[in-house]
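**Student:**
Protein chains: 4
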Amino acid sequence: MDAVEYTPRRDQLVYTFGGAAPVMTVQPGTVLKLWSEDAFNHALTSVDDLSSEKVDLRFVNPQTGPFYVAGAEPGDTLAIHIVDLTPARSWGASATIPFFGGLTSTDRTAFLQEPLPDTTWIYHVDTARQMVGFQARHTDFEVALPLEPMLGTIGVAPPGGEVRSSLVPERFGGNMDSPEVKAGTTVYLGVNVEGALFSIGDGHYRQGEGEACGTAVEGAMNSTIIVELIKGGAPAWPRLESDSHWMAVGSSRPMEDSWRIGQVEMVRWFEELFGLHQMDAYQLLTQTALAPIANAVDANYSVVIKAAKNLFPRAHAFDGIHDELRRRSQNL
Amino acid sequence: MDAVEYTPRRDQLVYTFGGAAPVMTVQPGTVLKLWSEDAFNHALTSVDDLSSEKVDLRFVNPQTGPFYVAGAEPGDTLAIHIVDLTPARSWGASATIPFFGGLTSTDRTAFLQEPLPDTTWIYHVDTARQMVGFQARHTDFEVALPLEPMLGTIGVAPPGGEVRSSLVPERFGGNMDSPEVKAGTTVYLGVNVEGALFSIGDGHYRQGEGEACGTAVEGAMNSTIIVELIKGGAPAWPRLESDSHWMAVGSSRPMEDSWRIGQVEMVRWFEELFGLHQMDAYQLLTQTALAPIANAVDANYSVVIKAAKNLFPRAHAFDGIHDELRRRSQNL
Amino acid sequence: MDAVEYTPRRDQLVYTFGGAAPVMTVQPGTVLKLWSEDAFNHALTSVDDLSSEKVDLRFVNPQTGPFYVAGAEPGDTLAIHIVDLTPARSWGASATIPFFGGLTSTDRTAFLQEPLPDTTWIYHVDTARQMVGFQARHTDFEVALPLEPMLGTIGVAPPGGEVRSSLVPERFGGNMDSPEVKAGTTVYLGVNVEGALFSIGDGHYRQGEGEACGTAVEGAMNSTIIVELIKGGAPAWPRLESDSHWMAVGSSRPMEDSWRIGQVEMVRWFEELFGLHQMDAYQLLTQTALAPIANAVDANYSVVIKAAKNLFPRAHAFDGIHDELRRRSQNL
Amino acid sequence: MDAVEYTPRRDQLVYTFGGAAPVMTVQPGTVLKLWSEDAFNHALTSVDDLSSEKVDLRFVNPQTGPFYVAGAEPGDTLAIHIVDLTPARSWGASATIPFFGGLTSTDRTAFLQEPLPDTTWIYHVDTARQMVGFQARHTDFEVALPLEPMLGTIGVAPPGGEVRSSLVPERFGGNMDSPEVKAGTTVYLGVNVEGALFSIGDGHYRQGEGEACGTAVEGAMNSTIIVELIKGGAPAWPRLESDSHWMAVGSSRPMEDSWRIGQVEMVRWFEELFGLHQMDAYQLLTQTALAPIANAVDANYSVVIKAAKNLFPRAHAFDGIHDELRRRSQNL
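Residue numbers (this note's numbering), protein chains in the order written: chain A, 1 to 332; chain B, 333 to 664; chain C, 665 to 996; chain D, 997 to 1328.
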């Protein structure tokens, strides 16, 4: 099957999960080569572009999609394998948007203090060395950081007719902002509506865990993904699989609830993978799970619970589809 | 200087930070070889020992100490370098204490549901292979996990005359339950009272991030540490340093507040290390920090913010004392 | 102007704010007489009806509406005055839905414990005495409680193309579950889309603050309301006004964020009402505001901040429209 | 029995619950007439006194006490009936302490923003009219508010050897900052140590719910109280009783946990008062409880759950001791 390429026009960008007509129907197994605009809608191109003047928070994280997956029905599991993520521009941008981010009061954690200075940083991509360059705005400090491309948003339409902003991470995926959503990872999402209606966007050239200031090194991205459909088996919350880890992502507030959600989802998964009693799965994960924060800044906070495969007996999630997708991706 | 050895008698165990007379005075630079009892006070020695019958939550995490550090005054910085942690018993224990832990209602997150089953697991240490063995209680699943010794509690007396249970992680350290508190790490704690009055305990033979069920593989521990004193420079919250990372630990509730505390402490540290403006430090850490959850189960939740040294220019925290302590530890 | 009456057919019920076509256009000033179905969709009619068998949480809080208000544009303020609320049935129902409510783990505060017993209570309305009768399910305890009708949900379409479940309270109003939304109260909502698209539902025959178990005395309701439109002046969050109080409602998570939102909204309102400096408004409300929790059980928690008018100089919010609507309501 | 009077000298003030020697032993039934210093230690006497210069947050809320109650043992219940609260000065003070309060970032909700302006307000007491006068600092707005004296702190020594700052509300009472702690109220506290070691302080001439800016109208207070001892029956969390309400206070973080604690404590109390099954108590309180926030600013947030006696059959808590204390107080 040939890869399907799609680059949205500006008027085709969507800003929600759910609520938009599909841009095309794809068959399970399709390889997609997708271009996505940066989270700021290309509004910040120099350090003189201020987010307060150029960014409208109702219209950020423009999505490429949604795609209608033939045959996908509520209760099914969509498996999206990320084959490759490559920056589509030679620079990325980050900004401290007033009253947005992790170390400032916001419209939710609402205080009376003045906002932090509205500041923009531009990072240049060094393709040869695979680095992005940080330049301080207030001193002459510079440092080159490894390019580590990831997708901030990946998700399907929510259930119950809801339509959610692409700023929101939730049960349907969305703006989870996890560095684990990178090349080599398979993302499992429960299907809520016919066709699943998934989309991607919010490419990051790199990001720390937590995405402290609210914006990563935001950049347009070329993504190669393979879409597969598993009938039934929908996980309650997003699960991820890489060659090295099984993972689950919880997104809610307060952050301990995000942790609880991810941890319970992993307990369920370990019951399935190893035929464990709930209490044994709980105990085993207590001694083995990793728990990185993905984002501490969005409408919901996201926490990833990770289990390293090499600690456990060999097991096959979703009938081993991740390994199969890895094989296919290596033949592209 | 010869190492000072100390093994507390049962009646010398203390269960608080602050509020106890020092067991001895130590000079800065002293090497201490300490034995600590397990978190359960040796009450759980087989899977038939139930925590509801044998564990009193007011008296867990027995501390070895406190030690009075000669010359330590409020505002100083105590540097405790962990040279070695070795299990002092051939087995460890873990348990799901009723209404205690991360995936159950508690006395704080108070619900009306019945408790989870009170269950105990015993892990056997394989010294040769450096493994601990998990055995499921409900099926015949078994798996050997790498031994990764760490200290759940390390702290000093709090300020303002407070005395806190050794179950609590806070500004003064305490029950942070971070896997980063392991051999090779230097822990920096602000001194609040004359002599600092630090203690350690709650040895874990291994633990996942979050310590989901509330108890790690709990075991008696032999700890070798070096105590140093830095005049002044007290960090607001605990900082850690290893050969590979600078770290800060925030402990509060809700968990986003723990993250915020740790992140702000790292912003401050990066301002100091690299002469950065606050906004540049904020931005740089946004793209580089790691943010593992340490515990999601204690009286306060703890989050570690980590920065990998190899991403940044060389810098020396606290005049390079970590490197110096590493050198000294290799000569022991 | 004659009152407009509207009783939705079952197939006209909607379960979202946003996302539904208006059922009619109303002119500002219109008196509406509306019937609304109970929150359970009439699924629980005896104590033998179990919510786990009969209630689908994706389709609760059926809305009557939405109504398109002629001339309403984004940035305008919708004023909905509640003239009268009268139970439309002789009984109401309440239930402890498994994993739903305030004293149980939920899909968000996710634990491993068993659910509480799925239990239904039926309350009989005594119209003459204006009471509803509580009958214990496990003993013969009975008590008659005053009928205090209120609307659990009242809201407009969200901004940015979002569509939200009628279980959610938010900036657009929605499922705030506040006992203050009763006869005599004017609700001010910022308009986000043309026509505002407001709806009401989730009638409660009475409810304590917090709505602890997740469901009030739920009942079909006959509501008489007057709809008015104020050009501009949209509050950031819902404001309420009664003859005795000015109020603002914050809805988010954790609950302290709900409190913060409501408190900041009241600070803003006091700046407007009395020409106060922000710090003086903050101080004055510190000594005078009431802060009842509205709900502790929904997708977001809601807190009401109330200021008693009789403590302050006379002031007119929104040009005195509340007093005007009270006058009009008394002439109906 | 004659009343016992006690006015601490400055060097007798204590700043903790637990950790201080009793100032005297009192017999159950004793009437105490106590003077307490204001929360700021009399440091703010004019609007020109800035809290950043004059207030040390480690030493605020000076306590009058602790008192050793003869015969009090762990597991007993201390009943403190508040007979009268009268301002001991003709003025009170309030302040927005930098990085302290509800609408500012703090050392816990740690952000990078600048603090709010450090501002002090002085309120004059009009004894004849029983009012305190608010004067805006930035405009000429003035308003007289009713004097409503209350105690911000009332508590006993904590269990387990802990010593807690008098800024903290907890299971042992402490800095709950509830307007319900006023004349006519009986406060029930579980005894944790021999003699109970209770103290009072932090008098407020009035306070809104939430104590938004972090400080009420703080003033020295003359308190008349009666101390009684009930053998056994210790509530898990503080309970209050007035002629009109039964109440419980939860104090923790996040605020939903405070609500949960108070609500569960009231469910337990209703089981006791009316012989109700837990699920029926849960249901009945869902439709009847009030839930005012007490403080949203302290080390823990406090929420009060209230049940109006007039809604329920007559019942006697703690063998009717509140009514008995009311009778005694009227004969003083």
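The C-beta atom is built at its ideal place from N, Cα and C for all residues, glycine as well.
Can you tell me whether DSSP reads residue 910/C as helix, strand or coil?
**Tutor:** Residue 910/C falls in the strand class under three-state DSSP.
**Student:** Can you grab the Cα-Cα spacing for the pair residue 734/C / residue 859/C, in whole Å?
**Tutor:** Roughly 6 Å between the two C-alpha positions.
**Student:** Quick one: which chain C residues come within Cβ less than 8 Å of residue 437/B?
**Tutor:** Going along chain C in sequence order, the residues near residue 437/B (Cβ under 8 Å) are 769, 775, 777.
**Student:** For the segment 1006–1019 of chain D, list every residue whose C-beta sits within 9 Å of some C-beta in chain B, in sequence order.
**Tutor:** So the close ones are 1010, 1011, 1012, 1014, 1015, 1016.
**Student:** Do residue 248/A and residue 269/A come within 9 Å of each other at the CB atom, strictly closer than that value?
**Tutor:** Contact: yes.
**Student:** Would you report the Cα separation of residue 198/A and residue 132/A, rounded to the nearest angstrom?
**Tutor:** Going from the Cα of residue 198/A to the Cα of residue 132/A covers about 29 Å.
**Student:** Against residue 267/A, what residues of chain C qualify as contacts under a CB-to-CB distance less than 9 Å, listed in chain order?
**Tutor:** 776, listed in chain order.
**Student:** Go to residue 1279/D, then tell me how far its alpha helix (DSSP H) extends in each direction, as first and last residue.
**Tutor:** Looking at the DSSP string, the run of the alpha helix (DSSP H) that includes residue 1279/D is 1274–1282.
**Student:** Of all the CB atoms in chain B, is at least one closer than 9 Å to the CB of residue 843/C?
**Tutor:** No - not a single Cβ of chain B is within 9 Å of the one on residue 843/C.
**Student:** Using a Cβ-Cβ cutoff of less than 8 Å, which residues in the same chain neighbour residue 1256/D once the five nearest sequence positions on both sides are dropped?
**Tutor:** Within the same chain, residue 1256/D has close Cβ partners 1246.
**Student:** Residue 885/C lies in the beta strand (DSSP E); which residues open and close that run?
**Tutor:** First-last of the beta strand (DSSP E) with residue 885/C: 885–894.
**Student:** Residue ranges of each beta strand (DSSP E) run of no fewer than 3 residues wholly in the segment 820–890 of chain C, ordered along the chain?
**Tutor:** Here the runs fully enclosed are 850–854, 860–868.
**Student:** Tell me the residue span of the beta strand (DSSP E) that contains residue 798/C.
**Tutor:** Its beta strand (DSSP E) spans residues 795–799.
**Student:** Measure the CB-CB distance between residue 779/C and residue 763/C and report whether it falls below 9 Å.
**Tutor:** In contact: residue 779/C and residue 763/C (Cβ atoms closer than 9 Å).
**Student:** Hey, is the segment 1013–1020 of chain D in contact with the segment 1153–1171 of chain D, meaning 3+ C-beta pairs nearer than 8 Å?
**Tutor:** Short answer: they touch.
**Student:** Based on the DSSP output, what are the partners of residue 1150/D in its beta bridges?
**Tutor:** Residue 1150/D pairs with 1170/D, 1196/D.
**Student:** Do residue 1224/D and residue 1301/D have their C-beta atoms closer together than 9 Å?
**Tutor:** No. Outside cutoff.
**Student:** Got a sec? Which residues, its chain only, sit under 8 Å from residue 1120/D by beta carbon, not counting five neighbours each side?
**Tutor:** Excluding residues within five positions, the ones whose Cβ falls inside 8 Å are 1086, 1087, 1128, 1129.
**Student:** In chain order, what residues of the segment 159–185 of chain A put their CB closer than 7 Å to some CB of chain C?
**Tutor:** Listed in sequence order: 159, 160, 161, 162, 163, 164, 165.
**Student:** According to the neighbour-count rule (16 or more other Cβ atoms, all chains shown, within 10 Å of its Cβ), is residue 1099/D buried or exposed?
**Tutor:** By the neighbour-count rule (16 or more Cβ atoms within 10 Å), residue 1099/D is buried.
**Student:** Quick one, which residues of the segment 1244–1256 of chain D are near chain C if we go by CB-CB under 9 Å, in chain order?
**Tutor:** Result list: 1249, 1250, 1251, 1252, 1253, 1254, 1255, 1256.
**Student:** So what's residue 626/B in DSSP terms, helix, strand or just coil?
**Tutor:** Looking at residue 626/B - three-state DSSP - the assignment turns out to be strand.
**Student:** Could you tell me the distance, in whole angstroms, from the CA atom of residue 757/C to the CA atom of residue 685/C?
**Tutor:** So the alpha carbons of these two residues sit roughly 30 Å apart.
**Student:** Flag residue 1260/D as yes if its beta-carbon sits less than 9 Å from any beta-carbon of chain B, otherwise no.
**Tutor:** Yes - at least one Cβ of chain B is within 9 Å of the one on residue 1260/D.
**Student:** On the premise that residue 976/C lies in contact with residue 743/C, defined as a C-beta separation below 8 Å, what is that separation, rounded to the nearest angstrom?
**Tutor:** At roughly 21 Å, the Cβ-Cβ gap does not stay under 8 Å, so residue 743/C and residue 976/C are not in contact.
**Student:** Which chain B residues are close to residue 316/A, counting only those with a beta carbon under 8 Å from its beta carbon?
**Tutor:** In chain order: nothing, as chain B lies at least about 16 Å away.
**Student:** My assumption, with CB atoms under 8 Å, is that residue 594/B sits in contact with residue 549/B. Please give the rounded CB distance.
**Tutor:** That pair is no contact at about 25 Å.
**Student:** Residue 789/C CB to nearest chain D CB: under 9 Å?
**Tutor:** Not closer than 9 Å to any Cβ of chain D, the Cβ of residue 789/C fails to qualify, so no.
**Student:** Which value, in whole angstroms, describes the spacing of the CA atoms of residue 1049/D and residue 1139/D?
**Tutor:** Looking at the two C-alpha atoms, the distance is approximately 28 Å.
**Student:** Is DSSP giving residue 759/C helix, strand or coil here?
**Tutor:** Looking at residue 759/C - three-state DSSP - the assignment turns out to be strand.
**Student:** Which of the three DSSP states, helix, strand or coil, is assigned to residue 1325/D?
**Tutor:** Helix at residue 1325/D.
**Student:** With DSSP as the reference, label residue 372/B as helix, strand or coil.
**Tutor:** Note: residue 372/B maps to coil in three-state DSSP.
**Student:** I'd like to confirm something about residue 862/C: is its beta-carbon nearer than 8 Å to some heavy atom of the ligand MG, or not?
**Tutor:** Looking for the ligand MG in the displayed structure turns up nothing, as the structure carries no ligands at all.
**Student:** Report all residues from its chain with a CB closer than 8 Å to the CB of residue 1321/D; omit the five preceding and five following residues, and keep chain order.
**Tutor:** Result list for residue 1321/D: 1075, 1077, 1182, 1222, 1224, in chain order.
**Student:** Quick check: residue 381/A and residue 618/B, are their CB atoms within less than 9 Å of each other?
**Tutor:** No statement about residue 381/A is possible, as the shown extent of chain A runs from 1 to 332 and does not include it.
**Student:** Based on the DSSP output, what are the partners of residue 35/A in its beta bridges?
**Tutor:** According to DSSP, which records beta bridges pairwise, residue 35/A is partnered with 222/A.
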